[in-house]
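Counting with the numbering used here, you get residues 13 to 78 for the letters of the sequence shown. Positions of the beta carbon are idealized from the N, C-alpha and C atoms, including for glycine. All values reported here derive from a predicted model rather than from experimental measurement.
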Amino acid sequence: MRILSLILSTIAFFSTAFYAVAEFPDLTTAGGVLYFLMLVILLLIFITAIVLSLPSGIIRFGNKFK
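Structure representation (C-alpha cells):
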C-alpha cells in the first residue's frame, strides 16, 4: 500500500509541477498570486506524502555511525 501511495504521490507531484510551469499565472494580479501560492502549497503536500511513503531504509534519521 505504501508503494502505491508513493507512485500516486509522485505522479501527482510531477503532473502538478508540469501544469504550474506550462500555465504559469500572471503574478501582477492578486488572483495570480493566490493561484501560485495554492500551487506551491499543493506541491508541498505532495512532497510530504512522498517522504512519508518512502521505504524506511532510504532516509535515515539518527546516528549515522551505527
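| Host alpha helix (DSSP H) of L46 (start-end) | As a working note, residue 46 is residue 34 in the sequence shown. A42 to S65 is the span of the alpha helix (DSSP H), which, as asked, contains L46.
| Nearest-angstrom Cα separation, counted from T40 out to S21 | The residue you call residue 21 lines up with position 9 of the sequence shown. The residue you call residue 40 lines up with position 28 of the sequence shown. Their backbone Cα atoms lie some 31 Å apart in a straight line.
| F25 to A42 span [Cα, whole Å] | Here residue 25 corresponds to residue number 13 of the sequence shown, with the count starting at 1. Here residue 42 corresponds to residue number 30 of the sequence shown, with the count starting at 1. Their Cα atoms are separated by approximately 25 Å.
| message | Rounding to the nearest angstrom, what Cα-Cα distance links P67 and F58 in this structure? | response | The residue given as residue 67 occupies position 55 in the sequence shown. The residue given as residue 58 occupies position 46 in the sequence shown. When rounded, the separation of the alpha-carbon atoms in P67 and F58 is 16 Å.
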